[in-house]
Amino acid sequence: MESRSDGGSAKYIKMTTQPVEKLVMKLAGPTVISMLVTSFYNLADTFFVRQLENDSMVAAVGIVLPLMSIIQALGFFCGHGSGNYISRALGSRDFADAETMAATGFFYSVSIGTLLMVSGLVFRNQLAVILGAKTAATTAGTIDYMLYILLATPFMMGAIVLNNQLRMQGNAFFAMIGLTTGAIVNIMLDPIFIYKQGDTLFGGAFLMPFGLGMGVAGASLATGVSQLVSFVLLVIGISRSDNIKIRLSNFSFKTYYIKKIVQGGLPSLARQGLASVATTCLNHAVGIYITGDAAIDAVQAAMTGTSKIMQFLTSALIGFGQGFQPVCGFNYGAKKYDRVIKSYYFCVKVSAVFLAIVAVIGYIFAEPISSAVAGSSAQAAEIASFAFRTQLVVMPLMSWVMLCNMMLQTIGMTFRATIVAMARQGLAFVPAVLLLPLICEKLGEPPLLGIELAQAVADLLSFVIALPLGLTVIKEMRLSMKKE
């Protein structure tokens, strides 16, 4: 205990005295890599399934995305809820309290994951319909893809919690190793599990020498195995060095810790949970406004591909923000508000420039980028490239929205953080995706246009909501500095 206190004290000094720019860049390196690799292997499932040249299977992967979002939402709920508390506890040098929260957050997540796994397996067929599967082929693919995702749920949620707890302690390297190794395993296993011997890929350019031929279920199995690998490595990682250890004896049923997890994790639950609702609403909107099985599969495949690309592009921003969070948490806990504000504006400026550059490049090469992961039909590729371009136009605004959400969540301002988290996928997107197709139809335009524009409109509205909330909190911190 004493040696950990010494290590914790050294970490406290580093986090509260070193230049914030240097700290953020150092901590953000591993988290950016982790997020990019993780997003890439999420993209990889869609990419490899697309080689089957079946829009229904590509759509199935996208239809399961809301389920993945729910699993991640609950994982981030426990992970961010416990991780944000841990960073503030370490900032105030309360190491025993940090250990209790670490164990409580972890064991709650695994328990919730097990319950979700059992429920999902029992009601898998009904769940496929609820998620938005519309055609017989897509429904069958959705049921197959869900199987191993559900079986891996406890490990997935446990890995998310361990990753966030490590990261919020300022130990992003261990978190990176766990996530990136799992991602590499997934990418390696995808073609082996999906295709069979003799299958031709990439327009006949490559012939599979061997494979299990499991189709879309193979992509699911590869993801499940990779999550187990990440979980095991993160368990090993958190037991090393001066990290807060996970011990069952430290687990607490006290309502105090549950309350703190809720306060710190509610914005993540709102954000990821509403992402699930948003994607489900999108799938159902396609069923309402688009007619014909082939057209429905093409639109769902196109929007799935676009969503995965945008997740990949914005993952670097999320990783950068994750490098900011421990700096924010430690310094807020130490009442060094000037360092919190300085690090926040530094991150916003850097990320805005980065996203602007990415948006320009993406806009120029929209067709080849989107066609790589959209459905195999020409209609799907055309829809995907247009939707992709509309979202790129407003993408730089996400630098303020996402970093504002992370700052508010880290410093414990639950209500405001939840409002920002809900803005993009709930308060703005759900009305947009349900109403814009109807408005376009009334104006004599195809309803598809409204579906394509929905996310870009939602991103713009979320910026309008987040801007005053972020500025108000910064003003409050400056007033607190003057009083002290």
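Just so you know, this note's numbering puts the end of the sequence shown at 1018, numbered straight through with nothing missing.
Glycine included, each C-beta is placed from N, C-alpha and C at the ideal position.
Proximal residues to residue i (C-beta, below 6 Å), its chain only, five neighbours per side dropped
| i | result |
| --- | --- |
| ASP579 | VAL595, ALA753 |
| GLU1010 | none |
| LEU684 | MET651, GLY654, LEU655 |
| THR948 | GLN797, LEU800 |
| PRO600 | LEU665, SER810, THR813, THR814 |
Minimum C-alpha distance to residue i - residue among the options
| i | options | result |
| --- | --- | --- |
| PHE689 | GLY799, MET742, TYR642, ALA955 | TYR642 |
| GLY1102 | MET549, ILE567, LEU942, GLN552 | This structure cannot settle anything about residue 1102, because the visible part of the chain is limited to 535 through 1018. |
| THR648 | THR687, GLY826, MET956 | THR687 |
| VAL719 | LEU762, MET691, LYS730, ALA709 | LEU762 |
| ALA709 | MET940, VAL964, GLY563 | GLY563 |
| PHE574 | SER849, MET941, MET940 | SER849 |
| LEU662 | VAL644, HIS818, LEU808 | Reading off the sequence shown, one finds Ala at residue 662, where the question assumed Leu. Among VAL644, HIS818, LEU808, the Cα nearest to that of ALA662 belongs to HIS818. |
| MET844 | LYS560, GLY867, LEU767, PRO930 | PRO930 |
| VAL967 | GLY799, VAL927, LEU983, GLY798 | LEU983 |
| LEU994 | LEU969, LEU926, GLY978, LYS1016 | LEU926 |
| TYR878 | LYS548, LEU557, ILE895, TYR546 | LEU557 |
| CYS612 | PRO600, VAL598, SER645, MET941 | SER645 |
| ILE664 | ALA809, THR814, LEU755 | THR814 |
| VAL598 | THR673, ILE795, THR565, MET691 | THR673 |
| GLY857 | MET940, GLY978, ALA988 | MET940 |
| LEU972 | ILE903, ILE824, VAL998 | ILE824 |
| LEU1003 | ALA693, GLY867, CYS938, GLY758 | CYS938 |
| GLY867 | LYS1017, ILE903, THR944 | THR944 |
Cα-Cα separation, residue i to residue j
| i | j | result |
| --- | --- | --- |
| ALA667 | LEU681 | 15 Å |
| VAL695 | VAL892 | 30 Å |
| VAL954 | GLY946 | 14 Å |
| GLN913 | GLY625 | 54 Å |
| ILE875 | PHE640 | 30 Å |
| ALA840 | ALA921 | According to the sequence provided, residue 840 is Thr. The question's Ala does not apply to it. Going by the C-alpha atoms only, they are around 7 Å apart. |
| ALA962 | PHE899 | 28 Å |
| SER760 | GLY716 | 4 Å |
| PHE707 | LEU735 | 35 Å |
| ASP872 | SER653 | 47 Å |
| SER603 | PHE629 | 32 Å |
| GLN959 | LEU650 | 23 Å |
| ASP776 | ASN865 | 20 Å |
| MET742 | LEU577 | 21 Å |
| GLN552 | GLN699 | 22 Å |
| ILE772 | PHE787 | 22 Å |
| LEU782 | GLY799 | 21 Å |
| ILE822 | PHE846 | 29 Å |
| SER996 | GLY745 | 45 Å |
| LEU808 | PRO965 | 12 Å |
| GLY855 | PHE610 | 15 Å |
| CYS881 | THR550 | 17 Å |
| GLY747 | GLY732 | 10 Å |
| LYS869 | GLY704 | 18 Å |
| LYS545 | GLN797 | 25 Å |
| ALA992 | ASP827 | 28 Å |
| ALA670 | ALA906 | 25 Å |
| LYS842 | PHE581 | 10 Å |
| ALA988 | LEU755 | 32 Å |
| GLY896 | LYS883 | 20 Å |
| PRO981 | LEU970 | 8 Å |
| VAL1019 | PHE740 | For residue 1019 there is no data in the structure shown, the boundaries of the chain being 535 and 1018. |
Cutoff 8 Å; reference residue i; Cβ partners in own chain excluding five residues on either side
| i | result |
| --- | --- |
| VAL1020 | The requested residue 1020 is not part of the displayed model; the chain covers only 535 to 1018. |
| ASN784 | GLU633, THR634, ALA636, ALA637, THR638 |
| VAL820 | GLY666, LYS668, ILE830, VAL833, GLN834, MET837, ILE985 |
| GLU901 | ALA915, SER919 |
| ILE711 | LEU767, GLY771 |
| LYS779 | GLU633, ALA636, ILE772, SER773 |
| MET1015 | TYR871, ASP872 |
| LEU816 | GLY666, MET837, VAL967, ILE985, ALA988 |
| GLY615 | GLY639, LYS794, ILE795, VAL796, GLN797, GLY798, GLY799, LEU800, SER802 |
Residues that residue i bridges to, as DSSP identifies them
| i | result |
| --- | --- |
| THR734 | LEU741 |
| LEU1019 | No statement about residue 1019 is possible, as the shown extent of the chain runs from 535 to 1018 and does not include it. |
Cβ-based neighbour list, residue i, same chain, cut-off 7 Å, excluding 5 preceding and 5 following
| i | result |
| --- | --- |
| LEU1001 | TRP934 |
| PHE657 | none |
| LEU851 | SER885, LEU889, MET932, SER933, MET936 |
| MET702 | GLY617, ASN618, ILE620, SER621, GLN859, PRO860, GLY863 |
| GLU986 | ILE917, PHE920, ALA921, THR924 |
| LEU713 | SER568, VAL571, THR572, ASN697, SER764 |
| ALA990 | THR924, GLN925, VAL927, VAL928 |
| LYS548 | none |
Residue-chain proximity (residue i, chain B), Cβ-Cβ < 8 Å
| i | result |
| --- | --- |
| SER802 | Protein chains in the displayed structure number just one, and chain B is not present. |
Practice task
Kindly confirm or deny that the stretch 708-728 and the stretch 785-792 touch, where touching means at least three C-beta pairs closer than 8 Å.
Solution key: no
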